[in-house]
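The numbering of the sequence shown is UniProt numbering, which starts it at 1 and goes up by one.
Don't be surprised by glycine CBs; every beta carbon is placed ideally from N, CA and C.
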Amino acid sequence: MGNSGLFVQLPQAMDIDRHFVSRAGYKLQHALDTFGIGVTGKICADLGSSTGGFTDCLLQNGAARIYSIDTAYGQLDWHLRNDPRVVILERTNALHAVLPEKVSFVSCDVGWTTQRLILPAALSLLTVPGDVVSLLKPHYEIKKSPVSVVFAHTVLDQVIKQLADKGIRVKQAIPSPLAGQKGGNPEFLLWIPKS
(Lines of atoms letter the chains of each structure in order from A and count residues from 1; the text may use other names and numbers.)
(Lines give C-alpha, C1' and ligand atoms only; values in the text may rest on other atoms or scores of the structure.)
Protein backbone atom coordinates (compact mmCIF):
# COMPACT_ATOMS: atom_id res chain seq x y z
CA MET A 1 0.00 0.00 0.00
CA GLY A 2 1.37 3.40 -0.93
CA ASN A 3 0.70 6.79 0.62
CA SER A 4 -2.57 7.10 -1.27
CA GLY A 5 -4.09 4.28 0.78
CA LEU A 6 -5.02 2.47 -2.43
CA PHE A 7 -4.81 -1.31 -2.32
CA VAL A 8 -2.16 -2.63 -4.70
CA GLN A 9 -2.44 -6.36 -5.32
CA LEU A 10 0.55 -8.52 -6.21
CA PRO A 11 0.34 -10.40 -9.52
CA GLN A 12 -1.01 -13.95 -9.56
CA ALA A 13 -0.19 -16.74 -12.01
CA MET A 14 -1.16 -15.88 -15.59
CA ASP A 15 -3.46 -17.88 -17.85
CA ILE A 16 -0.98 -19.19 -20.40
CA ASP A 17 -3.57 -21.28 -22.23
CA ARG A 18 -4.53 -18.24 -24.30
CA HIS A 19 -2.42 -16.88 -27.10
CA PHE A 20 -2.49 -13.19 -27.96
CA VAL A 21 -0.85 -11.25 -30.80
CA SER A 22 1.37 -9.45 -28.28
CA ARG A 23 2.39 -9.48 -24.61
CA ALA A 24 -0.11 -6.70 -23.95
CA GLY A 25 -2.96 -9.21 -24.25
CA TYR A 26 -1.73 -11.07 -21.18
CA LYS A 27 -1.57 -7.81 -19.22
CA LEU A 28 -5.17 -6.89 -20.04
CA GLN A 29 -6.38 -10.45 -19.41
CA HIS A 30 -4.82 -10.28 -15.94
CA ALA A 31 -6.65 -7.00 -15.28
CA LEU A 32 -10.02 -8.29 -16.51
CA ASP A 33 -9.68 -11.40 -14.35
CA THR A 34 -8.46 -9.56 -11.26
CA PHE A 35 -10.97 -6.70 -11.46
CA GLY A 36 -13.84 -9.01 -12.44
CA ILE A 37 -14.70 -7.04 -15.57
CA GLY A 38 -16.64 -8.82 -18.31
CA VAL A 39 -16.70 -7.50 -21.88
CA THR A 40 -18.92 -10.11 -23.53
CA GLY A 41 -21.25 -8.40 -25.98
CA LYS A 42 -19.85 -4.94 -25.18
CA ILE A 43 -18.77 -2.14 -27.49
CA CYS A 44 -15.16 -1.25 -26.58
CA ALA A 45 -12.36 1.12 -27.53
CA ASP A 46 -8.64 0.32 -27.41
CA LEU A 47 -6.58 3.51 -27.17
CA GLY A 48 -3.00 2.99 -28.36
CA SER A 49 -3.76 -0.33 -30.02
CA SER A 50 -0.37 -0.79 -31.74
CA THR A 51 -0.17 -4.46 -32.84
CA GLY A 52 -3.43 -5.19 -31.05
CA GLY A 53 -2.68 -7.15 -27.88
CA PHE A 54 -5.50 -5.45 -25.95
CA THR A 55 -7.83 -5.64 -28.96
CA ASP A 56 -7.11 -9.36 -29.32
CA CYS A 57 -7.77 -9.92 -25.61
CA LEU A 58 -11.10 -8.09 -25.84
CA LEU A 59 -12.14 -10.16 -28.88
CA GLN A 60 -11.20 -13.40 -27.13
CA ASN A 61 -13.34 -12.28 -24.19
CA GLY A 62 -16.40 -11.81 -26.39
CA ALA A 63 -16.46 -8.07 -27.19
CA ALA A 64 -19.05 -7.25 -29.86
CA ARG A 65 -17.10 -4.41 -31.47
CA ILE A 66 -13.79 -2.67 -30.78
CA TYR A 67 -12.63 0.72 -31.99
CA SER A 68 -8.89 0.18 -32.38
CA ILE A 69 -7.24 3.62 -32.16
CA ASP A 70 -3.59 4.47 -32.75
CA THR A 71 -1.53 7.35 -34.11
CA ALA A 72 0.56 4.90 -36.14
CA TYR A 73 -0.39 3.25 -39.42
CA GLY A 74 -0.15 -0.41 -40.40
CA GLN A 75 0.88 -1.84 -37.02
CA LEU A 76 -2.33 -3.73 -36.22
CA ASP A 77 -1.97 -7.50 -36.65
CA TRP A 78 -3.33 -8.78 -39.98
CA HIS A 79 -5.71 -11.23 -38.29
CA LEU A 80 -7.26 -8.41 -36.25
CA ARG A 81 -7.28 -6.06 -39.24
CA ASN A 82 -9.54 -8.54 -41.05
CA ASP A 83 -11.92 -9.19 -38.15
CA PRO A 84 -15.29 -7.51 -38.86
CA ARG A 85 -15.69 -6.67 -35.15
CA VAL A 86 -12.62 -4.38 -35.29
CA VAL A 87 -13.09 -0.80 -36.47
CA ILE A 88 -9.61 0.54 -37.28
CA LEU A 89 -8.89 4.21 -36.59
CA GLU A 90 -5.23 4.63 -37.53
CA ARG A 91 -3.40 7.96 -37.67
CA THR A 92 -5.77 9.06 -34.91
CA ASN A 93 -4.66 10.71 -31.69
CA ALA A 94 -6.60 9.09 -28.84
CA LEU A 95 -6.77 12.45 -27.06
CA HIS A 96 -8.95 13.77 -29.88
CA ALA A 97 -10.76 10.61 -30.99
CA VAL A 98 -14.45 10.98 -31.82
CA LEU A 99 -16.49 7.79 -32.05
CA PRO A 100 -19.93 7.36 -33.64
CA GLU A 101 -21.24 5.85 -30.39
CA LYS A 102 -20.41 5.64 -26.69
CA VAL A 103 -18.60 2.49 -25.54
CA SER A 104 -18.91 0.39 -22.37
CA PHE A 105 -15.21 -0.35 -21.94
CA VAL A 106 -11.98 1.45 -22.82
CA SER A 107 -8.46 0.03 -22.60
CA CYS A 108 -5.45 2.35 -22.73
CA ASP A 109 -1.82 1.59 -23.54
CA VAL A 110 -0.54 4.89 -24.84
CA GLY A 111 3.10 5.08 -23.78
CA TRP A 112 4.19 8.67 -24.30
CA THR A 113 0.88 10.21 -23.17
CA THR A 114 0.50 10.62 -19.41
CA GLN A 115 -2.42 9.18 -17.47
CA ARG A 116 -3.63 12.64 -16.44
CA LEU A 117 -4.11 13.43 -20.15
CA ILE A 118 -5.42 10.13 -21.54
CA LEU A 119 -7.89 9.20 -18.80
CA PRO A 120 -10.20 12.22 -19.23
CA ALA A 121 -10.29 11.43 -22.96
CA ALA A 122 -11.01 7.74 -22.25
CA LEU A 123 -13.77 8.56 -19.77
CA SER A 124 -15.41 10.90 -22.30
CA LEU A 125 -15.95 7.92 -24.63
CA LEU A 126 -17.78 5.83 -22.00
CA THR A 127 -21.41 5.10 -21.33
CA VAL A 128 -22.62 5.11 -17.72
CA PRO A 129 -21.87 2.66 -16.28
CA GLY A 130 -18.59 1.87 -17.97
CA ASP A 131 -15.01 0.90 -17.20
CA VAL A 132 -11.52 1.99 -18.17
CA VAL A 133 -8.43 -0.18 -17.68
CA SER A 134 -5.23 1.74 -18.32
CA LEU A 135 -1.63 0.52 -18.38
CA LEU A 136 0.49 2.91 -16.33
CA LYS A 137 4.15 3.00 -17.36
CA PRO A 138 5.97 4.98 -14.63
CA HIS A 139 9.00 5.67 -16.85
CA TYR A 140 6.75 7.54 -19.31
CA GLU A 141 5.06 9.51 -16.54
CA ILE A 142 8.42 10.90 -15.40
CA LYS A 143 10.33 10.59 -18.71
CA LYS A 144 13.06 8.53 -17.05
CA SER A 145 14.21 4.95 -17.50
CA PRO A 146 14.99 2.56 -15.90
CA VAL A 147 12.68 2.87 -12.90
CA SER A 148 13.13 0.79 -9.74
CA VAL A 149 10.17 -1.07 -8.24
CA VAL A 150 10.20 1.18 -5.16
CA PHE A 151 10.29 4.37 -7.24
CA ALA A 152 7.59 2.99 -9.55
CA HIS A 153 5.24 2.76 -6.55
CA THR A 154 6.06 6.38 -5.67
CA VAL A 155 5.15 7.39 -9.23
CA LEU A 156 1.93 5.34 -8.95
CA ASP A 157 0.97 7.24 -5.78
CA GLN A 158 1.74 10.58 -7.48
CA VAL A 159 -0.36 9.70 -10.53
CA ILE A 160 -3.31 8.56 -8.40
CA LYS A 161 -3.16 11.86 -6.49
CA GLN A 162 -2.96 13.88 -9.74
CA LEU A 163 -5.98 12.01 -11.07
CA ALA A 164 -7.93 12.50 -7.82
CA ASP A 165 -7.20 16.23 -8.08
CA LYS A 166 -8.92 16.11 -11.51
CA GLY A 167 -11.91 14.22 -10.06
CA ILE A 168 -10.85 10.83 -11.46
CA ARG A 169 -11.02 7.98 -8.94
CA VAL A 170 -8.83 4.92 -9.45
CA LYS A 171 -10.76 2.06 -7.86
CA GLN A 172 -7.87 -0.39 -7.91
CA ALA A 173 -4.29 -0.63 -9.16
CA ILE A 174 -2.33 -3.84 -9.64
CA PRO A 175 1.18 -4.57 -10.84
CA SER A 176 1.31 -5.83 -14.40
CA PRO A 177 2.13 -9.55 -14.56
CA LEU A 178 4.80 -8.66 -17.14
CA ALA A 179 7.38 -5.89 -16.92
CA GLY A 180 7.92 -3.56 -19.84
CA GLN A 181 9.56 -5.38 -22.73
CA LYS A 182 12.15 -2.67 -23.30
CA GLY A 183 14.14 -2.12 -20.12
CA GLY A 184 12.09 -4.38 -17.84
CA ASN A 185 10.43 -1.43 -16.11
CA PRO A 186 7.57 -2.16 -13.67
CA GLU A 187 4.09 -1.28 -14.93
CA PHE A 188 0.64 -1.08 -13.32
CA LEU A 189 -2.91 -1.65 -14.46
CA LEU A 190 -5.44 0.92 -13.24
CA TRP A 191 -9.19 0.38 -13.03
CA ILE A 192 -11.34 3.47 -13.33
CA PRO A 193 -15.09 2.77 -13.32
CA LYS A 194 -17.58 5.42 -14.43
CA SER A 195 -20.97 5.41 -12.73
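- In the three-state reduction of the DSSP assignment, Tyr73 falls in the coil class.
- With respect to Gly52, Leu95 sits apart: the two C-beta atoms are not nearer than 8 Å.
- By the Cβ test, the region 116 to 132 is not in contact with the region 73 to 89, since fewer than three Cβ pairs between them sit closer than 8 Å.
- With contacts defined by Cβ atoms closer than 8 Å, Leu58 and Val133 do not form a contacting pair.
- Look at Pro120 here: in three-state DSSP terms it is helix.
- For the options Gly25, Val110, Gly130 and Leu125, the alpha carbon positioned closest to that of Thr71 is the one of Val110.
- Counting C-beta atoms within 10 angstroms of its own C-beta, Lys42 has 16 or more neighbours from the protein chains shown and is therefore classed as buried.
- In this structure Leu163 does not touch Ser176 by the C-beta definition: roughly 18 Å separates them, more than the 8 Å allowed.
- Exposure of Trp78 is indicated by the presence of fewer than 16 other C-beta atoms within 10 angstroms of its C-beta.
- Short of 6 Å from the beta carbon of Gly130, and not among the five residues preceding or following it, lie these beta carbons of its own chain, in chain order: Ser104 and Lys194.
- As summarised for the region 45 to 104, the continuous alpha helix (DSSP H) elements at least 4 residues long and confined to that stretch are 53 to 60 and 78 to 81, given in chain order.
- When C-alpha distances from Gln172 are compared across Ser22, Thr34, Pro138 and His19, the shortest belongs to Thr34.
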